[in-house]
Amino acid sequence: MPSSKQYIKPTFQSHTTYAPSLTSSGRSKPPPANTISQPITLTKRLLFPHLPPGAPIPPILASPNAPAALNTELYDFIALALRAFVNPWWTKITRYDKEFLVEITRISTVVLRAIETRVIATDLSPLVYRDLPTIVTQHYRDYRTAAQKLNTSYSLGGSSPLPALFHAQQQHIGVTPEGNLDDVYVRTAVDAVLKACLPPEDWDAESERYIIREVVVKVICGNVVPRITQGWFVNKTILDLLGPADLELVKPIKPPDPKPTTTFSIPSFHTLIVFFLSAVQSISTVALTLIHLYKQTLHTIKLVNHSSRPPSPATSPPISRSLSDAPVPPPLPDESPATVESPAITPPSPSPVPSTNSILGSIPTFTTPSPPPSLHQPARDLARPLTTLAIELLTLRSRFASTVLSTLIEMLISTFTPFLDCLLPYMLYTHALSPDRLITVLITAKRTLFPNGYPAATPPDPTPEEQVALRAGAARRIAQLIPGPIAPIVLGPTPAVRAQTMDALLDPLSSAPCNTHLFVMIFDLVLLTLFPELGVGGGGAAISGSGAGEAEDE
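UniProt numbering numbers the first residue of the sequence shown as 1 and each following residue consecutively.
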């Protein structure tokens, strides 16, 4: 019996000492904030599996002013691409080795930082305002010339189709005679870019380099080009950018119903007061609008005049931020400091055709570059190629009134050329290449290529009836951009002439084989602007030869 009391007493004391700890607070303490489990993003799970859950991801761009959203979208795009094109077959080889994707991410980061360095060191104004409009203008001229040769002796007795006639005028090694993009050409170009961007130790890692190259080639040749070169896709893009056509503007105006004749009556005093106040309100609104427009114009002119050159990396984050004094971001996991620095090559020239002197000795050296002196010499006469393109698109030279209008516009542009040479680069770097615009482009590309996180199945092409509707909608929407008072001068005096003008505008973009030539020309232009050493005489022959040999060996 005593032994039982001694056994029960400790048990009662243990309950009495434990009960106050439960009832004193009324509820259990929540765990610390840092111990709450957070969802692991795809970027951390695939690209940085060794980072702690709360650790920040190292930036992918070298510019210190790059917004965090831009780095996040770039990493997300890389993670989606690796999960779609590399992870399916790599997990079949081994499910436990996660270092392979980490190594591919590290090499991709080195390439992106090298391209970022070249973009910062290059003035993109000549590319956007001079070279690109010139290529599009030549595309329209060659297409119309090929269309005129149909069913004539120039087309082998009328047997040659339009794409063959167009290919005869723009023969390119990257496009087959059937108008298809040659994947060997794209593979060789991507290989040359990787050789210019990667340090020797990463270039020698063939497996990672080949995978990065094949992923890029797969996206370009398999997903992007076959889609964007379709004529209906161009029309759909126009409608997506400009919005649907306003059907109310194209409906015929009904004549007013005849009203019975009434005798003249003097308006009342109330009607006169309402009319007077409405007129005062309208005049005040117009005056305030003009004042605001005047102030905004003066502010823009001051900003343009104070900028002696296009806003470069020193004034516009993130792509326009100079890396000459920028600290290098922290290295990625398992990355040596030598591979973190962006490779700098001899500063590229804005011209797509480099000179021989600027290319000699352009072996990649992994030091921080300085902006080239060409940025301090702004390009001249940037508005004239845009004017020539607009004249060619709308066939303004084919009508007398539009010819007079185009001549007056050219005279005005010649008068304000010095100001336009400063205004156009300012608008490019302030609006078109702003960080928000780049983030929007990345989000759109990610949703288009990976709508549900994986490459979407190719949707069926629109039916011929739907394609006709898309083209008609694009023509109406473009016609509505022209102000009503000058529409008869720009588009034509009659509805039939306006329809012909719209057909002449959309026809050169309706053929997929011809649009493939245009894509390759733009592809070459961008490569030669950022990598001028790849051009003829720039040592590109050796690079291309090695890339082609490796492509053939595979």
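Beta carbons are placed, not taken as given, at the ideal position from N, Cα and C, and that holds for glycine.
Along the alpha helix (DSSP H) that carries residue i, what are the first and last residues, could you check?
i, result
"Gln148", "132-148"
"Leu112", "99-120"
"Arg83", "68-85"
"Asn180", "From DSSP, Asn180 is part of no alpha helix (DSSP H); its letter is neither H nor E."
"His306", "269-306"
"Asn223", "Unbroken run through Asn223: none, as it is neither H nor E."
"Arg95", "That residue, Arg95, is in no alpha helix (DSSP H); it is neither H nor E in DSSP."
"Asp436", "435-449"
"Ala401", "400-415"
"Thr387", "383-393"
"Glu465", "464-481"
"Ile238", "231-242"
"residue 556", "With the chain covering only 1 through 554, there is no way to say anything about residue 556."
"Val497", "495-506"
"Arg397", "It is not in any alpha helix (DSSP H) - Arg397 carries neither H nor E in the DSSP assignment."
"residue 564", "Only positions 1 to 554 of the chain appear in the structure, and residue 564 is not among them; the question remains open."
"Leu46", "42-46"
Would you mind stating whether residue i and residue j have Cβ atoms separated by less than 7 Å?
i, j, result
"Ala84", "Tyr454", "yes"
"Phe523", "Ala196", "no"
"Leu470", "Trp203", "no"
"Thr122", "Ile60", "no"
"Asp183", "Leu525", "no"
"Pro385", "Thr134", "yes"
"Thr501", "Leu509", "no"
"His172", "Leu518", "no"
"Glu103", "Glu214", "no"
"Leu481", "Glu73", "no"
"Leu82", "Leu70", "no"
"Ile115", "Ala474", "no"
"Leu181", "Val225", "yes"
"Val175", "Val520", "yes"
"Cys422", "Val304", "yes"
"Leu505", "Leu393", "yes"
"Thr387", "Glu410", "yes"
"Ala401", "Ile273", "no"
Using a Cβ-Cβ cut-off of 6 Å (strictly less than) and excluding sequence neighbours within five positions of residue i, which residues of its own chain qualify?
i, result
"Leu47", "Ala79, Thr105"
"Ala487", "none"
"Gly179", "Pro163, Pro513, Thr516"
"Ala383", "Ile413, Leu420"
Label residue i either buried or exposed according to how many other C-beta atoms from any shown protein chain fall within 10 Å of its C-beta, with 16 as the threshold for buried.
i, result
"Lys44", "buried"
"Asp240", "exposed"
"Pro485", "exposed"
"Val234", "buried"
"Thr529", "buried"
"His292", "exposed"
"Thr11", "Because the pLDDT of Thr11 is 44, which lies under 50, any placement of that residue in the model is unreliable, and the question is left without a value."
"residue 556", "The chain is shown only over 1 to 554; residue 556 falls outside these bounds and no answer can be derived."
"Asp142", "buried"
"Ser414", "exposed"
"Pro126", "buried"
"Ser398", "exposed"
"Leu156", "exposed"
"Asp76", "buried"
"Ala479", "buried"
"Ala55", "exposed"
"Phe416", "exposed"
"Leu408", "exposed"
"Pro177", "exposed"
"Arg118", "buried"
"Arg187", "buried"
"Ile212", "buried"
"Tyr96", "exposed"
"Phe269", "exposed"
"Val450", "The sequence as given places Phe at residue 450; Val does not occur at that position. Phe450 comes out buried."
Excluding the 5 residues preceding and the 5 following residue i in the sequence, name in chain order all residues of the same chain whose CB lies nearer than 8 Å to its CB.
i, result
"Gly243", "Arg477"
"Ala432", "Val128"
Please confirm if residue i has its CB atom under 7 Å from at least one CB of chain B.
i, result
"Val404", "Absent here is chain B; the protein component of the structure consists of one chain."
Only counting the same chain, and skipping five residues up and downstream in sequence, which positions put a Cβ closer than 7 Å to that of residue i?
i, result
"Val536", "none"
"Asp246", "Gln480"
Uninterrupted alpha helix (DSSP H) stretches inside the region 155-219 (no shorter than 4 residues)
162-169, 183-197, 200-203, 206-217
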